[in-house]
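Quick notes on the structure that follows.
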């Protein structure tokens, strides 16, 4: 920040200057005694004490906000664009809005700033403080923009307490440093909160505004300073309780970029923190002489301090005025004198006992030290004395922290992620956290470094010493990390396998090529339970080692295989740890011949990429030594052999041609009977298959299409295998436990075997996962498809395992009526509520009975409500008056884990004559009160807490029970039904778009005892967009006015029609169409086109709640239900488009464009949140083009034409010539289209 030392020379208010606290219902919050917190003397006149950007800053993002911080509360009405203005060099003041947030005035430009332009910011004299004093003179500073906007999401760089910490003091304050300056408007109790809810339930929502927070919120105060947010609980945390802290994606940086995802972590409180903080070091040190007269004074504390206690009242230099700042990340407080110190003078500095840590513990005694100045100012630039790693270092650990040690003490505020950077190949920035202590800066990579990679570290000239001297030249050095140690990725048999054939060989597949000389009978052994070694022959082929026993193994015996660290890769790196696994033999030898279960390309495949490898997947693990260029061959036209390399991993054999295959040529692959399994059984017959290449190479990167468990899954079984499905066949040699990893949330690596078959990679943990634990799975960009294309981005997802097995017997928590109750209504149902959820199948009229005391059981129906854990016995007939009954729950009932009650539960109650007079209640409504984006075809329902009299629910005029009204109070026409405690209102017609409705259940609704509702039940909801009605066009997959043409190889599910053109204008192969074909004057297509034009015009004219999209490229974005428009075209180019219905299957998406729609090669539309393709409409004013291999969702209504290139897959409809005056064709080349389900 740029500090106005002149204004601060006499008066300082650090808390007011720096701390902005957000509380419910206040702006610029006050402390408990209703006065702003103060430190030191109170200023009498306002001044600007800090700005962002700093004066003289360069390369400022063009989408930044500009701020000025005052030393006291200001009058909000005085601050606007006339008194706080931003002016480019040689230009007029720009438009914008000014908002006062606490002590900070934020200027938000209406449009982005101009690139590479110098701007002058001015705060005018005369603006008033709340106390009535005025700013004495204009305050002006300048900064220069860079070339681009800031589009990088901020991140959380650390937390206090750390994730999964235990023993956290219950009186702690939670602190969160960010990677950059944040918008203080977005740091509040909605975006930063604490709860007792499990972290998994929060992670599963991943929304900027959470729908629910189980367990409620911990009350407290949120504050923000510099780059750090704080949460201070209103009262101490509970002992032994695990808390979850959350920063949501509602938190944004000063450029408006939100966190990429909610940041969620947990910790457990134990005891109060009563330890006093201490001063760890000072600069200058105690009794130091010759101190430069322009130095700053710095103090490093032993722990993170409470920022509002580090002020010029608690950090003093005798006889000197100055500014105090505090950096929570480095724990360093800095005192910057307003003017140079006096030469050759002894100064005394003090940290008083008012300085406190985050738990409120004060320094036990004033910390006082002296130093003596020299005769001159320090004008010597600092230098870097040493680095770790050294320049040009090799074989550096991937967990290495990068450090730079300076020649003197530095100003900690200048040591940050901008001035200390690490970059990888291509200049890609490495994410990390920068800290500073003593004279050493440290860069801690967020996720560790990559193996075998060169990195460049730089300390820029932006770093400064305590006298403000910057380094003269930047310090840059390079280092290279070491190669990853090889690992065993899979074994056959698996660890713990049983019934293994006695004639089977044992194999192990490595993560990379190994030195065959190190794979031998010493490094690969097999033993019986008594430790006696089994003799055999060890071979190594490709990446697979095989141990073939000299004789068949014994029946029903446990064997242990072991590969020692003597096994090394070609670079001489040993495996990270010895690999040991055990298995048990069965009673028989394996005499079953293996088979080839699938191939890629498939037999008869066409348009195969010329750079593809050829693979075959076997029914079981094979002897890698029998999969060679002799047993696996590829021949071209006329039987010409293709030169290539054969490899084998898992159950997949791969033939990789040495050069690309010819265009449009037929090739034949062949696997001979020389291929054998690990028991020596050969395939029964030669496997041959043929395919034909296309004209181009495969350049499309693969993607992960699905994972199991899904992202944010909870209650995952601890013996779960983790899988990832790819969009295409992958190179098995790239699927290893280096590229497919599973870690705990704290970063601990999970040991396991990685395998690959078909298009699925599988991670099989060696041991069961831990209960109630978060795991993170990752597929790196090291995985490649058969053409050698790597994924563009890594795939990461997380899941949480279930709790430990439940062995506790269930109990009945409460009953209704209670035991010994009297005066029970004769129409009463009897209920027992359990402590936990029960297995509903065990709760019936045998395990839950009611009978007269000393008499027979009565008839009734038993139901179980899992939501409330309640079993209810509803008597078939009213109970007898003034009679004692006994209810019993037997030990036959079971909880969800199968545990039975230890003892039966019985209780008594006595009835009286009066019948039930309690009023019924509406317990659940749909849509929920205040719900939005409700489908226009939805039924409105109300669920009662007891059975109702249907005649009172179905009443009509003049006294209607169930009504739905518009905003003008007019009633919606509809039909009311009632069944099973649910009243349902079905509108006669679709409800209008974006309108708020009020539903009412009147008090004349009665239960079976004749009791009316005590009060009307009233709730409101708002509809979303209605869908354009396709009518008779809905059965058509393809429809046009001029022609429908295309290459063969398509699959079309739905009708095809053209009109007014005749049948010859449809050139598609009829055997590729599952549906009817209409043309010319066929009435079906004539009527369909008429309905289409109405639907097109309906979509085009929609304007209610329309959102104008500034970016015409929708790629990489996520849209929610609604109406979206652009001024010209829409493209899907930069990435895949996600449409999220947020759980509403009836939600509608409409995209309006006056010109074209273009989808780039390989781009997908991804549906989530129960979004349906049938509810997506693309109104295209001109033509639409879907390029090759796209996956498209929705109905395209194009005014002119629609073109679909080969390999595309559409779930929707392609309807050309849709406008009133529109006319056009459909070109559909070798692709698939399916009409979506309604």
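Residue numbers (my numbering): 2 to 1239. Where a beta carbon is used, it is the ideal one built from N, C-alpha and C, also for glycine.
Alpha helix (DSSP H) containing residue i: first to last residue?
i: residue 1096; result: 1084-1102
i: residue 338; result: Counting along the chain, residue 338 falls outside any alpha helix (DSSP H), though it belongs to the beta strand (DSSP E) covering 333-338.
i: residue 951; result: 951-954
For residue i, collect the residues of the same chain with a Cβ closer than 8 Å to its Cβ; drop the 5 residues on either side in sequence, then sort them by chain order.
i: residue 1224; result: 1042, 1043, 1201 and 1218
i: residue 346; result: 373 and 374
i: residue 349; result: 318, 319, 369, 370 and 371
i: residue 408; result: 383, 384, 385, 386 and 440
i: residue 82; result: 94, 96, 97, 98, 99 and 108
i: residue 299; result: 283, 284, 333, 334, 335, 336, 410, 412, 413 and 467
With a 10 Å radius around its C-beta and 16 neighbouring C-beta atoms as the bar for buried, classify residue i as buried or exposed.
i: residue 1220; result: buried
i: residue 192; result: buried
i: residue 112; result: exposed
i: residue 138; result: exposed
i: residue 1026; result: buried
i: residue 895; result: buried
i: residue 543; result: buried
i: residue 695; result: buried
i: residue 1084; result: exposed
i: residue 26; result: With a pLDDT of only 30 at residue 26, under the threshold of 50, the placement of this residue in the model should not be trusted; the figure read from the coordinates follows. Answer is exposed; the Cβ neighbour count stays below 16.
i: residue 989; result: exposed
Pick from the options: whose alpha carbon is nearest that of residue i?
i: residue 1157; options: 1184, 1165, 1164 and 1177; result: 1184
i: residue 1; options: 93, 78 and 114; result: What the structure shows of the chain is the stretch from 2 to 1239, and residue 1 is not part of that stretch, so it cannot be assessed.
i: residue 534; options: 547, 519, 772 and 563; result: 563
i: residue 937; options: 101, 530 and 1148; result: 1148
i: residue 1169; options: 1211, 1130, 1132 and 1119; result: 1119
i: residue 825; options: 801, 881 and 842; result: 881
i: residue 910; options: 186, 287 and 884; result: 884
i: residue 47; options: 62, 905, 135 and 375; result: 135
i: residue 899; options: 811, 974 and 1045; result: 811
i: residue 443; options: 402, 449, 451 and 252; result: 402
Would you kindly check if the distance between the Cβ of residue j and the Cβ of residue i is under 8 Å?
i: residue 1007; j: residue 944; result: no
i: residue 1000; j: residue 977; result: no
i: residue 655; j: residue 732; result: yes
i: residue 628; j: residue 680; result: no
i: residue 1167; j: residue 1038; result: no
i: residue 320; j: residue 313; result: no
i: residue 360; j: residue 178; result: no
i: residue 755; j: residue 764; result: yes
i: residue 306; j: residue 358; result: yes
i: residue 183; j: residue 130; result: no
i: residue 1048; j: residue 1238; result: no
i: residue 365; j: residue 354; result: yes
Need the endpoints of the beta strand (DSSP E) that residue i sits in, please.
i: residue 221; result: 221-226
i: residue 588; result: Element bounds for residue 588: n/a, residue is neither H nor E.
i: residue 371; result: 368-374
i: residue 284; result: 280-284
i: residue 727; result: 723-727
i: residue 906; result: 906-912
i: residue 796; result: 796-802
i: residue 1244; result: Coverage of the chain is limited to positions 2 through 1239, which leaves residue 1244 absent and any answer about it impossible.
Among the residues of its own chain, which have a CB less than 7 Å from the CB of residue i, if the five just before and after it don't count?
i: residue 1188; result: 1160, 1161, 1162 and 1206
i: residue 250; result: 209, 259, 260, 262 and 263
Sorted by chain position, which residues of the same chain lie with C-beta nearer than 6 Å to residue i's C-beta, five sequence neighbours on each side aside?
i: residue 7; result: Legend: pLDDT at residue 7 = 31, less than 50; position of this residue unreliable, value from coordinates given subsequently. Answer for residue 7: no residue qualifies.
i: residue 110; result: 95 and 97
i: residue 698; result: 610, 611 and 612
i: residue 1153; result: 1126 and 1180
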